[in-house]
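Residue numbers (this note's numbering), protein chains in the order written: chain A, 109 to 283; chain V, 254 to 443.
This is how it looks when you write it as C-alpha cells:
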C-alpha cells in the first residue's frame, strides 16, 4: 500500500510515502508535526501530482542537508519547503503542509538505508484510512496546482504538469 | 571540470554556466519552447540533472543519414523551416543559445513529426540585442556550412521562416548580414 523507493543519487536513503483518506484528526496531526513529535513530513495531497514530485523534493532536501545548506531546520521541513515554488518558508507550510480542515494526508518518511521503518507507529497516529498511492491522482487539485506553480498555457503543450512542477522546484533558487 | 584553469576561476565559471543553463531551460519551458526538464541542481559539483530525451537523435545525425540515403530533400526543407520557427520563438523570448549547432538540436521519435528539442544551454544568456541574436544565427550558419555540405538551401529556408515568425526579425537579419561581413578574409569596407 505504501510506497518505498531509494534515492538514486543518495542510495543510502529511502523514501516512503503513505497516503490516508477520511482523516478526522488533521488538526491534532498538524500540531504534532509542528512540535516535532511525528517523524515524517505531513503534506497536503491536493498539491501533489505524482510521487516523483515528492522524490525530487526529498532529493533536494537530502542534498542540502548533506552540504549543510538547508533553509529550514529539519529535513522534513526542508522537503515541504522544496515542494514550494516560493522562497517564503511559512507560505510553503501553509500551502503544502496540512491544514486543520484537511481530510487527506500524505506522509513522507526518509530513512537511512536498511533501517526498518516503523509504519505501524505512524499509521496508528492517523485517524483515517490508509489507501494505496494509486489513489493520489484522484486527490490532486489540478487547477490549484496550476495556479500555485503559475503554469503557462504554452508550457502545457510541451510537457506534462509534472514536468512543469519539477522544473520550477529544482530551479527556484538558482543564482 | 577543466583542470587547466585556476581553481577559483573554474569554480566561478562552472557555477555561473550552470546557473545560466538552468535559468535558460526554465525560461524556455515557460515560453513553451521545447527543452529538457531540470530535475536537480547540484551545488557541490556545479552540475544539473536533466530529463533524458529518450530515443532521440541529433539533427546533425538525421541530416547525415538523410543525405546518405539519397532521397527526401523536401523533408530537410521542412525540418529547416521548423528550426527557423523554433529559433524565432526562442529569440523573441530574448534567449540567446550561445552554441547553436545541429548537434544541439534533438529530434524526438517519430522523426516525421519533426518534434525538435533544444539542448546544451551552458553558454546561453538573456539579451534583447539584435546583435546577439544575429551572432547566434551566424554561429549556426557556420556550423551548418562546415558540418553539412550542400545545405545552403536548408539554411535559407530556416532564415526565411525565422524572419516570418519572429516579430523582431528585421534588425536581427540586418545584423546577421553585418556579422557575415566581419569574418576571416572578409573586406569590411562599408
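From the three backbone atoms N, C-alpha and C, an ideal C-beta is built for every residue, glycine too.
Within the same chain, 360 come within 6 Å of residue 310 of chain V by CB-CB distance, once the 5 residues on both sides are set aside. Against chain V, the beta carbon of residue 218 of chain A has no neighbour under 7 Å; the closest one sits roughly 16 Å away.
With respect to chain V, the C-beta atom of residue 144 of chain A has no partner C-beta closer than 8 Å. For residue 356 of chain V, no Cβ of chain A is located within less than 8 Å of the residue's own Cβ.
For the pair residue 389 of chain V and residue 350 of chain V, the CB atoms are nearer than the 8 Å cut-off. Listed in chain order, the beta strand (DSSP E) elements of length 3 or more contained wholly in the stretch 135-188 of chain A are 149-151.
Around the beta carbon of residue 250 of chain A, a 10 Å sphere encloses fewer than 16 other beta carbons of the protein chains shown; the residue is thus reported as exposed. Here DSSP, grouped into helix, strand and coil, assigns residue 433 of chain V to helix. Looking only at V/308, V/328, V/347 and V/376, the smallest Cα-Cα distance to residue 267 of chain V is reached by V/376. Per DSSP, the continuous alpha helix (DSSP H) segment holding residue 268 of chain V begins and ends at 260-283. Selection A/123, A/118, A/149 and A/145 evaluated against residue 213 of chain A yields A/149 as nearest (Cα-Cα).
If the five residues before and after residue 362 of chain V are omitted, its C-beta is found closer than 6 Å to the C-beta atoms of 308, all from its own chain and listed in chain order. Beta bridge pairing from DSSP links residue 129 of chain A with A/237.
The beta carbon of residue 275 of chain V sits closer than 8 Å to some beta carbon of chain A. Here the stretch 309-327 of chain V does not lie against the stretch 254-263 of chain V, with fewer than 3 beta-carbon pairs under 8 Å apart. For residue 401 of chain V and residue 330 of chain V, the gap between their C-alpha atoms comes out near 14 Å. Contiguous beta strand (DSSP E) elements confined to the stretch 357-439 of chain V occur at 358-361 and 368-371, taking only those with 3 or more residues.
Beta-bridge pairing by DSSP links residue 112 of chain A to A/124. Taking 8 Å as the cut-off, the beta carbon of residue 425 of chain V is found no closer than this to the beta carbon of residue 279 of chain A.
Listed along the chain, the chain V residues whose CB falls inside 9 Å of the CB of residue 156 of chain A amount to none; the nearest CB is some 16 Å away.
At a beta-carbon threshold of 8 Å, the residues of chain V lying near residue 266 of chain A are 282, 285, 286 and 287, ordered along the chain. Assignment of residue 219 of chain A by DSSP, reduced to helix, strand and coil, places it in the strand class.
Where residue 296 of chain V is concerned, there is no enclosing beta strand (DSSP E), because DSSP gives it neither an H nor an E. Contact between the stretch 119-127 of chain A and the stretch 213-223 of chain A is present: 3 or more CB-CB pairs across the two stretches fall below 8 Å. Residues 415, 418 and 419 of the same chain have their beta carbon placed closer than 6 Å to that of residue 341 of chain V, with the five preceding and five following residues left out of the count.
At least one C-beta of chain A is nearer than 8 Å to the C-beta of residue 291 of chain V. Per DSSP, the continuous alpha helix (DSSP H) segment holding residue 257 of chain A begins and ends at 250-257.
Interface residue (Cβ-Cβ distance to chain A less than 8 Å): residue 305 of chain V is not classified as such. Interface criterion met: the Cβ of residue 295 of chain V is under 8 Å from a Cβ in chain A.
Contact between residue 111 of chain A and residue 241 of chain A holds, since their C-beta atoms are separated by about 5 Å, short of 8 Å.
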